[in-house]
Each structure stands twice: as structure tokens, then as C-alpha cells.
Amino acid sequence: MSISQSLPGNNLSVSRSREERRGRRDAIADRSFQIVVAAAGIFVLAALVGAAASMLWGGSEAISTFGWRFFFSDNWNVGGRQFGALVQIYGTIVTAVIALLIAVPVSFGIALFLTEVAPPWLRTPIGSAIELLAGIPSIIYGMWGLFVLAPVLSEHVYPWMNDHLGPLPGIGRLFQGPPLGIGMLTAGIVLAVMVIPFISSVMRDVFLAVPTRLKESAHALGSTTWEVVWDVVLPYTRSAVVGGIFLGLGRALGETMAVTFVIGNAYNISASLLEPGTSIASAIANEFAEALDPLHKSALLALGFVLFLLTFVVLVIARLMLKRLKHREGN
Amino acid sequence: MSIISKARITAFGLAALTCGIAQATDITGAGASFIFPVMSKWSADYNTATSNKVNYQSIGSGGGIAQIKAGTVDFGSSDAPLDPEDLAKSGLGQFPSAIGGVVPVVKVEGIAPGAIRFTGPLLADIFLGKIQKWNDPAIAALNADAKLPDTRITVVHRSDGSGTTFNFVNYLAKMSPEWKEKVGEGTTVQWPAGVGGKGNEGVAAYVKQINGSIGYVEFSYAVQNKMTFATMQNKAGKWVQPSAESFQAAAAGADWAHSKDFFLVMTDASGDAAWPIAATNFILVYKQPKDAVKGKATKDFFTWVYASGKEQAKALNYVPLPDELVKQIEAYWTANLKF
Numbered sequence: 003m004s005i006s007q008s009l010p011g012n013n014l015s016v017s018r019s020r021e022e023r024r025g026r027r028d029a030i031a032d033r034s035f036q037i038v039v040a041a042a043g044i045f046v047l048a049a050l051v052g053a054a055a056s057m058l059w060g061g062s063e064a065i066s067t068f069g070w071r072f073f074f075s076d077n078w079n080v081g082g083r084q085f086g087a088l089v090q091i092y093g094t095i096v097t098a099v100i101a102l103l104i105a106v107p108v109s110f111g112i113a114l115f116l117t118e119v120a121p122p123w124l125r126t127p128i129g130s131a132i133e134l135l136a137g138i139p140s141i142i143y144g145m146w147g148l149f150v151l152a153p154v155l156s157e158h159v160y161p162w163m164n165d166h167l168g169p170l171p172g173i174g175r176l177f178q179g180p181p182l183g184i185g186m187l188t189a190g191i192v193l194a195v196m197v198i199p200f201i202s203s204v205m206r207d208v209f210l211a212v213p214t215r216l217k218e219s220a221h222a223l224g225s226t227t228w229e230v231v232w233d234v235v236l237p238y239t240r241s242a243v244v245g246g247i248f249l250g251l252g253r254a255l256g257e258t259m260a261v262t263f264v265i266g267n268a269y270n271i272s273a274s275l276l277e278p279g280t281s282i283a284s285a286i287a288n289e290f291a292e293a294l295d296p297l298h299k300s301a302l303l304a305l306g307f308v309l310f311l312l313t314f315v316v317l318v319i320a321r322l323m324l325k326r327l328k329h330r331e332g333n
Numbered sequence: 219m220s221i222i223s224k225a226r227i228t229a230f231g232l233a234a235l236t237c238g239i240a241q242a243t244d245i246t247g248a249g250a251s252f253i254f255p256v257m258s259k260w261s262a263d264y265n266t267a268t269s270n271k272v273n274y275q276s277i278g279s280g281g282g283i284a285q286i287k288a289g290t291v292d293f294g295s296s297d298a299p300l301d302p303e304d305l306a307k308s309g310l311g312q313f314p315s316a317i318g319g320v321v322p323v324v325k326v327e328g329i330a331p332g333a334i335r336f337t338g339p340l341l342a343d344i345f346l347g348k349i350q351k352w353n354d355p356a357i358a359a360l361n362a363d364a365k366l367p368d369t370r371i372t373v374v375h376r377s378d379g380s381g382t383t384f385n386f387v388n389y390l391a392k393m394s395p396e397w398k399e400k401v402g403e404g405t406t407v408q409w410p411a412g413v414g415g416k417g418n419e420g421v422a423a424y425v426k427q428i429n430g431s432i433g434y435v436e437f438s439y440a441v442q443n444k445m446t447f448a449t450m451q452n453k454a455g456k457w458v459q460p461s462a463e464s465f466q467a468a469a470a471g472a473d474w475a476h477s478k479d480f481f482l483v484m485t486d487a488s489g490d491a492a493w494p495i496a497a498t499n500f501i502l503v504y505k506q507p508k509d510a511v512k513g514k515a516t517k518d519f520f521t522w523v524y525a526s527g528k529e530q531a532k533a534l535n536y537v538p539l540p541d542e543l544v545k546q547i548e549a550y551w552t553a554n555l556k557f
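Keeping their order, the protein sequence lines are chains G and P.
Taking the numbering used here, the leading residue of the first sequence gets 3, the next gets one more, and so forth.
Taking the numbering used here, the leading residue of the second sequence gets 219, the next gets one more, and so forth.
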């Protein structure tokens with residue numbers, strides 16, 4: 003540009019062609035940049051579709067053999083070549099729900115404390131601690147659950163639940179049963195500890211994004227901290243908070259090693275949360291290495307596909323909820 | 219100075235590397251986790267003695283069978299023997315490598331190791347979930363001098379497919395027609411009761427934690443974890459404790475000579491001192507491998523194991539094969555392995 007301006011006359015054509023070349027080069031660079039970025043985006047889509055399709059393909063033998071019974075039968079018998087996934091689906095959903103019931107309120111508390119209550123010097127160390135928790139490998143959580151948490155629960159917590167919650171009408175049935183320390187409730191608790199870092203760090207980040215003037219106005223009108231959070235911060239960040247919760251749920255549904263350690267790996271469906279059960283991911287982890295029978299292997303791949311579907315359904319529900327929330331907010 | 223020493227180290231390293239390539243034949247095996255501890259020891263000592271390397275991957279019996287059939291390893295290893303028909307179809311040969319035992323372990327307050335007694339049928343009834351309390355008359359009848367508590371029995375089994383399970387349920391099926399009919403045999407079965415732990419260590423951890431539990435593990439895990447093992451009644455009606463001697467007695471009592479391709483499950487062995495749930499690990503090799511050099515190297519390794527690997531096996535609570543059986547294996551090699 004500057005060259006063409008400083009050199010008039012016969013140099014103009016040269017500089018123009020140079021400019022054209024530059025323009026063409028930019029166009030090519032722009033184009034290739036688009037292609038590269040688009041390829042990265044398509045790669046995600048291709049990986050997703052490929053993973054789902056290959057699991058469906060691998061599991062097609064089991065699904066075509068058993069049809070709908072594969073999803074609704076609780077009979078998983080390797081020797082008898084009968085495969086039904088109901089027990090695993092049940093265990094996966096129950097443990098994930100327990101995890102969320104514990105993790106959501108705790109994460110909310112952590113995020114509130116960090117953004118509204120904690121003195122500034124304390125916020126960074128606690129914030130980093132949460133991020134570090136998220137980085138611990140799941141097998142460590144599994145070992146902690148089995149060797150530290152399970153004995154405490156079986157000696158002190160579950161017997162208490164047997165005596166005090168067990169006789170209650172209705173929900174009492176959830177807390178009857180042998181206090182082994184290993185079972186679906188223990189798995190849910192371990193999962194809760196694992197997903198708390200995810201949910202709470204999302205919540206903290208979005209709470210921080212709430213404009214200060216909104217909060218200050220509310221304070222100026224005489225609101226307590228709780229009222230500010232409940233009536234100003236939470237409505238402002240609702241959609242992001244729901245997104246964070248579903249991120250945690252997705253992680254809880256697919257968690258493998260930690261659950262395998264503490265869920266008890268038993269193929270039974272019981273009303274009691276203290277009884278052992280199994281989950282989709284732990285069943286695959288347990289059996290895949292020794293699945294020699296093609297039908298068994300196919301059934302395990304079909305299980306993988308079921309997990310995929312579950313996660314997909316969860317995501318769709320999250321999207322719909324967000325949409326409805328936005329609709330109600332009017333934007 | 220530092221540059222010179224670095225260069226020297228590099229040169230030395232290179233020399234060592236090239237030497238290694240020139241001399242040693244590396245062989246790879248995969249399979250049962252049961253023999254992994256002793257296999258590691260053997261391959262380290264074999265490497266020191268001959269500079270040949272043996273790389274063993276502990277991926278489970280089923281994986282070992284699959285890998286040798288796919289031809290990705292030089293030998294496979296399985297706790298469950300393949301039948302001669304299957305072997306012939308795949309062109310494989312099979313021979314035993316080491317003997318161990320599966321032991322029932324319990325955690326019941328006031329019971330010392332070896333102080334609780336089971337018969338085979340009683341053990342089957344417990345694992346079927348038919349006997350639910352430790353003070354059940356069926357258990358009390360065999361254990362008159364033990365103080366049995368009114369505790370619920372929690373059965374602990376393997377959650378993953380396993381050769382240990384194969385040998386254990388094979389024994390239960392021999393002992394109880396009801397077990398054979400309802401549950402059957404295999405590396406994975408549909409357990410009528412209890413909780414599942416992943417691996418021997420998973421079962422050991424569950425049994426140690428759950429009061430009133432009963433499980434089954436490889437003997438070496440029971441020893442390492444100082445677990446309360448049971449005394450069992452064997453085929454001869456005698457009460458025996460798990461030990462190298464009782465496993466050896468079971469191996470000696472087995473009829474290897476008349477078992478084609480060593481296709482024999484050693485459970486419920488005859489002999490006064492025989493442990494009833496002794497287990498054998500089997501090695502699978504190709505009768506005509508693609509790479510004859512590696513086939514020969516594999517044979518050399520197991521020749522060394524039988525001749526010089528006995529002490530290592532004993533130290534890790536395995537039982538080396540009886541001399542008679544080693545002779546039979548060497549005759550089997552001569553007859554079947556064409557390289």
C-alpha cells in the first residue's frame with residue numbers, strides 16, 4: 003500500500019499487479035484457513051457418527067438376535083448366551099441420579115462461597131483445589147472409594163440408615179438391605195465427588211460473569227446475600243448452570259473404573275440402594291477382555307451403543323430445557 | 219568433559235543395543251494373569267542367564283487364546299485347557315506350565331486360617347445362595363469346635379472372566395448336580411448370589427472388607443493378603459489345607475498320561491493329600507509356526523523353565539511340574555512340534 007502511494011507513474015502497474023497478487027494470496031490463505039477449520043469441525047462430527055455407527059454395527063448381532071428384549075430383559079447369562087441390558091441400564095441411571103442429587107447442592111454451595119462469601123485471599127487456593135480434583139484419575143477415586151469410603155459407610159453410615167431410614171414408609175425400602183459398604187449408593191457417592199469439580203467450576207465461572215451493578219443494585223435495595231444469589235445471580239446464569247449440571251451428568255453416566263471398584267458388579271435389580279448392582283460401563287470393563295463368544299462381544303458393543311443413546315438423550319433434554327428457559331425469559 | 223562422557227555413554231549404549239539385536243531372540247507371550255508373577259521372574263532370570271528376552275502380557279486366559287489364534291504372539295497361556303478338537307482345528311499344541319490352587323477364603327469373626335471346614339457340596343450350596351447364615355446347621359455340623367456367628371453370608375465372586383473362576387466352578391459342578399444344571403461352567407457364569415470383584419485383588423479386597431463374606435482367590439493372593447482360607451474335604455474323604463504339598467499331590471494324582479494334548483482339569487483329584495481345587499496353567503503354541511526360529515526359542519525357554527525355574531516358582535507359591543510330567547511334555551514336543 004505505502005509503496006504504491008510513494009511511487010507514482012510507471013511504477014503504478016507494477017504495484018497494482020503486486021497488490022493483485024497480494025489479494026489473491028490473501029484469498030487463498032483465507033480459503034485454506036476456512037477449509038482447515040471446517041475439517042476440524044467435521045472431524046468431530048465424523049468421529050461422533052463413526053463411533054455410534056461402529057458400536058451399532060458391532061452390536062447388531064445381539065440386537066437382531068434379541069430385539070427389544072435386549073433393552074427390557076434383566077437376564078444377562080454369558081454361559082446360556084442370553085443377553086438383556088436392563089440391569090446395567092438401571093444401575094447406570096440410578097448411580098448417576100444419586101450422584102447429581104448430592105453433587106448439585108454441594109457444587110452450588112462451593113460456587114456461592116467462592117463468588118460471594120469467601121474473602122478474596124481464599125478464593126484462588128480453593129478454586130485451584132477444585133481444578134486439581136478434576137484432574138485426579140478415576141482409578142484413584144475407585145481405590146479411595148473401596149479402601150477408605152466403603153469401610154466407613156458399612157460400619158457407621160449404612161447401619162444407621164438401616165435403623166432410622168429403613169422403617170420409614172415408602173422411601174424406607176431404599177435403605178433396607180445388608181450394609182456391605184459396596185453397592186449403588188456408594189457408587190453414587192463416589193461419582194458425586196468426581197463430578198463436583200466439573201459442576202462447581204462451571205457454576206463459579208458463570209456466577210463471576212454476572213455484572214456487578216446488578217448485584218450492587220439488589221444489595222442497595224436491601225437484599226441479603228441469599229436473596230441476591232437466588233433472585234438475581236441464579237436467574238441471570240440459569241442456562242449455563244443447567245449446562246454445567248448436564249456436563250456432570252454425562253461424566254457420571256460414562257464413568258467406568260471408579261464405579262467398577264465400588265458398585266459390587268452383581269446382576270440384580272433391587273429397590274434397595276445399599277444392594278450391589280452393575281452399570282453399563284463397568285460391565286463392559288469387566289467382560290470385554292474375556293468375551294470370546296461373538297454374541298457376547300456383540301452384546302457388549304450393543305451395551306456401548308445404549309450408553310451412547312442415554313448420553314444423547316440427556317443432551318437433548320438439556321437442550322430442550324435451555325430452550326424452554328430462554329423462551330420463558332423472553333429472549 | 220561432560221561432552222566426552224556423554225559421547226562415551228552414547229557409544230556404549232549403541233554398542234549394547236546392537237549387541238542385543240545381534241544375539242538375542244525376543245519372544246512374546248500373552249494370556250492368563252494367574253502365572254504373570256512367576257512368568258515375570260522367569261523371564262528376568264532367563265534374560266540374565268541367556269540374554270534372550272521373553273515378553274509376557276497379562277491379558278487374561280481368553281485374551282491369550284484369542285491372541286495365539288490370531289498369530290500375534292509366539293505363545294498363549296490359559297488356565298482352561300482347549301479340547302483336542304479345537305487344538306487340531308487351529309494347528310495348536312498345548313502343555314502345562316505351572317500348578318497352583320484356588321482356595322476359598324472367608325472373613326468371619328473368631329475364625330482362624332484353616333479353622334473352618336467345607337465339603338464340596340456344602341461350598342456349592344453356599345455359592346448357590348441356599349445357605350445364608352454362618353451358624354446354619356449344615357456348616358455347624360462340620361465345624362463343631364468353631365464359634366459360628368449369626369452373620370449373613372455374603373458371596374464374593376469374580377466380576378471379570380477368569381481362569382480362576384473356570385477352575386472353581388468346574389469343581390462346584392463336579393460336586394453338585396444342582397450347580398451343574400442351574401449355573402454350569404465357564405470363565406464367566408451367571409452367579410446366583412453375591413457381589414463381584416474385579417480380579418483376584420478385587421475379590422481379596424471385598425472379602426477383607428465385608429464381614430461374613432466368602433470368596434475364592436489364587437493361593438498366592440490368600441497368602442500375600444494373610445486371608446482366612448478354608449480346609450476342604452477331598453475326593454478321598456480326607457481334610458486338607460491348601461499348600462504347595464497338597465497342590466503337588468493333586469498334580470501327581472492326575473492321569474496326565476492318558477489325556478490327549480494334556481486336556482485335563484485337575485479339580486477333585488484323587489490322592490489322600492490332594493487339594494481338591496488345584497489348577498494348572500496351559501501354554502499354547504503353533505505346531506508349525508510361521509517363524510521357526512521363534513518357535514524354537516519358545517521351546518528353549520520352557521525347557522529352561524522346567525530345568526531351572528523351580529525355585530522361583532516355589533518362592534511365589536506355585537508348584538513346579540512333577541518330573542514325570544516334564545518327561546511327558548518333552549515327549550509331546552518331540553512328537554508334535556515340527557521345528
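Every residue, glycine too, gets a C-beta built ideally from N, C-alpha and C.
Whole-angstrom distance between residue j and residue i, CA atom to CA atom
i	j	result
P/Val326	G/Pro181	15 Å
G/Thr97	G/Arg253	12 Å
G/Val208	G/Pro199	14 Å
P/Pro339	G/Ser300	35 Å
G/Thr188	G/Ala136	19 Å
G/Ala211	G/Tyr143	31 Å
P/Lys517	G/Gly147	45 Å
G/Gln178	G/His221	47 Å
G/Leu170	P/Trp457	49 Å
G/Ile319	G/Ser130	31 Å
G/Leu87	G/Leu124	Residue 87 of chain G is actually Ala in this sequence, not Leu. Spanning the two alpha carbons is a distance of roughly 47 Å.
G/Gly306	G/Ser284	11 Å
P/Phe386	G/Ser202	47 Å
P/Pro302	P/Ser308	10 Å
P/Gln506	G/Gly279	47 Å
P/Gly319	P/Trp260	19 Å
G/Ser19	G/Ile44	37 Å
P/Leu555	P/Val511	13 Å
G/Phe73	P/Phe384	29 Å
P/Asp343	P/Ala358	14 Å
P/Leu310	P/Tyr504	4 Å
P/Ala240	P/Val537	With a pLDDT of only 41 at P/Ala240, under 50, the local geometry of the prediction cannot be trusted, and the value read off the model is given with reservation. About 35 Å.
P/Thr406	G/Gln90	17 Å
G/Asp32	G/Thr258	43 Å
G/Arg321	G/Gly111	25 Å
P/Ser461	G/Phe248	54 Å
G/Ile173	G/Ile104	17 Å
Chain P contact residues for residue i, given Cβ-Cβ distances below 8 Å
i	result
G/Ala152	Gln427
G/Pro237	Near G/Pro237 there are no residues of chain P at all, since even the closest Cβ is about 45 Å away, more than 8 Å.
Contact under 9 Å by Cβ, residue i with residue j
i	j	result
P/Asp304	P/Asn273	no
G/Asn288	P/Ser377	yes
G/Val234	G/Ser225	yes
G/Ile282	G/Val316	no
P/Pro367	P/Gly328	yes
P/Phe500	P/Ala298	yes
P/Val324	P/Glu436	no
P/Leu543	P/Gln312	no
G/Met186	G/Gly93	yes
G/Gly246	G/Ser109	yes
P/Tyr389	P/Asp486	yes
Cross-chain neighbours of residue i in chain G, by beta carbon under 9 Å
i	result
P/Lys276	The amino acid occupying residue 276 of chain P in the given sequence is Ser; Lys does not appear at that position. Near P/Ser276 there are no residues of chain G at all, since even the closest Cβ is about 10 Å away, more than 9 Å.
Contact list for residue i against chain G, beta-carbon separation under 7 Å
i	result
P/Ser377	Asn267, Asn288
P/Ala284	Leu294
Rounded distance between the beta-carbons of residue j and residue i, thought under 8 Å
i	j	result
P/Ile253	P/Ser296	So it is not a contact: roughly 10 Å between Cβ atoms.
P/Val373	P/Val425	Not confirmed; about 10 Å, so no contact.
Listed by chain order, chain G residues near residue i by CB distance under 8 Å
i	result
P/Gly281	Ala291, Glu292
P/Thr372	Pro180, Leu182
Neighbour list for residue i in chain P, Cβ cutoff strictly below 7 Å
i	result
G/Thr262	Lys416
Using a beta-carbon distance cut-off of less than 9 Å, what residues from the region 400–432 of chain P approach chain G? Per Cβ criterion, the list reads Val401, Gly402, Glu403, Gly404, Thr405, Thr406, Val407, Gln408, Trp409, Ala411, Gly412, Val413, Gly414, Gly415, Lys416, Gly420, Ala423, Tyr424, Gln427, Ile428, Asn429, Gly430, Ser431.
Given a limit of 8 Å on CB to CB distance, which residues of the region 247–278 of chain P reach chain G? Sequence-ordered contacts of the region 247–278 of chain P with chain G read Ile277, Gly278 [C-beta pairs closer than 8 Å].
What are the residues in the region 137–152 of chain G lying within 8 Å of chain P by C-beta distance? Taking 8 Å as the Cβ-Cβ cut-off against chain P, the residues of the region 137–152 of chain G that qualify are Leu148, Phe149, Ala152.
Return the residues of the region 77–88 of chain G that lie within a Cβ-Cβ distance of less than 9 Å from chain P, sorted by chain order. Under the 9 Å Cβ criterion, the region 77–88 of chain G contributes Asn77, Trp78, Asn79, Val80, Gly81, Gly82, Gln84.
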